[in-house]
Structure formats: C-alpha cells, structure tokens
Amino acid sequence: MEDMESYFLRLEGSTLEIKEMTESTQKSLPKFFKRLSECPTM
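Numbering (our numbering), first residue to last: 359 to 400.
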C-alpha cells in the first residue's frame, strides 16, 4: 500500500491531464462542426 501523499499527487496529475484534454477538445469541436456544416452531403 502506497502512502496517501503520492496517491493524491498522482490523482492530481491525471486530473490536470484530463482537464487539458477537455479544453483542447472544446477548442477543436467548433472547427469540426464548422467543417461538418460546410460539407455538402447531409
């Protein structure tokens, strides 16, 4: 069993990673939908 401090540090690191991924996804989504709406099919 690892000590709580290193556990929380790892948890915080993965949370930051998820946050960054979410932010970059939110930035690229509008471009994606814009390309979708410009597409003649559909």
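Ideal Cβ placement from N, Cα and C applies to all residues, glycine included.
Report task. Please state whether DSSP places proline 398 in a helix, a strand or coil. Result -> Coil.
Report task. Go through its chain and collect everything with a Cβ distance to lysine 377's Cβ below 8 Å, but skip five positions before and after it. Result -> Closer than 8 Å at Cβ, skipping near neighbours: no residue.
Query - Backbone CA spacing between glutamate 381 and cysteine 397 [nearest angstrom] - result: Cα-Cα distance, rounded: 25 Å.
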